[in-house]
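Report on the following structure.
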Amino acid sequence: MASPDKVDAVDEMREKFSTSNGAVVTAYTGLTVAQLKELRRSLGENAQYRVVKNTLTKIAANEAGINQIDDLFVGSSAVAFVTGDPVEAAKGLRDFAKDNPALVIKGGVLDGKALSADEIKKLADLESREVLLSKLAGAMKAKQSQAAALFQAPLSKFIRTAEALRAKVDEQGGAGEPAPAEAEAAE
């Protein structure tokens, strides 16, 4: 029979797996308590970093429908539950791991898809969501203005042609219009 503390721990982690966008599993052997505090601060509000027990975490992940990362829970493990921008969380972990080689990114899961350590590092190399969205909006705006210019081109060409014709008629002294006497004789 499982102890109530373990049941509560599994329930809490299952909730974190269910409500987070993703989770990154790391090895933390060799990090001091001060370094772990610094890591938690560097992740900010994008992720919650938690040292976990492997067996309980596997149970919680499986209960949450995440079974792709079971093999990552070997040795000392900690999980960064990503609630904000996954790119920012991956950058925070990557940058901290550069300065503190004791932190090893094992892999993770993002929106139900398993990620290797290399894929998480590639994710960290992406620009933030806000930057990507602003670039997309800029590209769409540029395409709209190009489309507007394209649609206005035939109209402006017609207007320029009409203006050139009117200028030519004015230069010729109205030769295209019948003289008033000729108009009366024709009737």
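Position 49 (the sequence shown) corresponds to 49 in this note's numbering; numbering is contiguous.
All C-beta atoms in this analysis are idealised placements derived from N, C-alpha and C, irrespective of residue type, glycine included.
Treat the numbers as computed from the prediction; the structure is a model and nothing was measured.
- At a Cβ-Cβ threshold of 8 angstroms, residue 43 and residue 92 count as neighbours.
- With distances taken between CA atoms, residue 112 lies nearest to 21 out of 2, 5, 21.
- From the listed residues 171, 121, 96, 159, the smallest Cα separation to residue 35 is found for 96.
- Collapsing the DSSP output to three states places residue 169 in a helix.
- A contact between stretches requires three or more CB pairs, one per stretch, nearer than 8 angstroms, and the segment 117–127 meets this requirement with the segment 78–92.
- Three or more beta-carbon pairs separated by less than 8 angstroms are not found between the segment 52–68 and the segment 132–143, which leaves the two stretches without contact.
- In the structure shown, residue 107 adopts extended strand secondary structure according to DSSP, grouped into three states.
- Annotated three-state conformation of residue 7 is helix, per DSSP.
- Assigned with DSSP and collapsed to three states, residue 36 falls in helix.
- Going by DSSP, residue 115 is part of the beta strand (DSSP E) stretching over 113–116.
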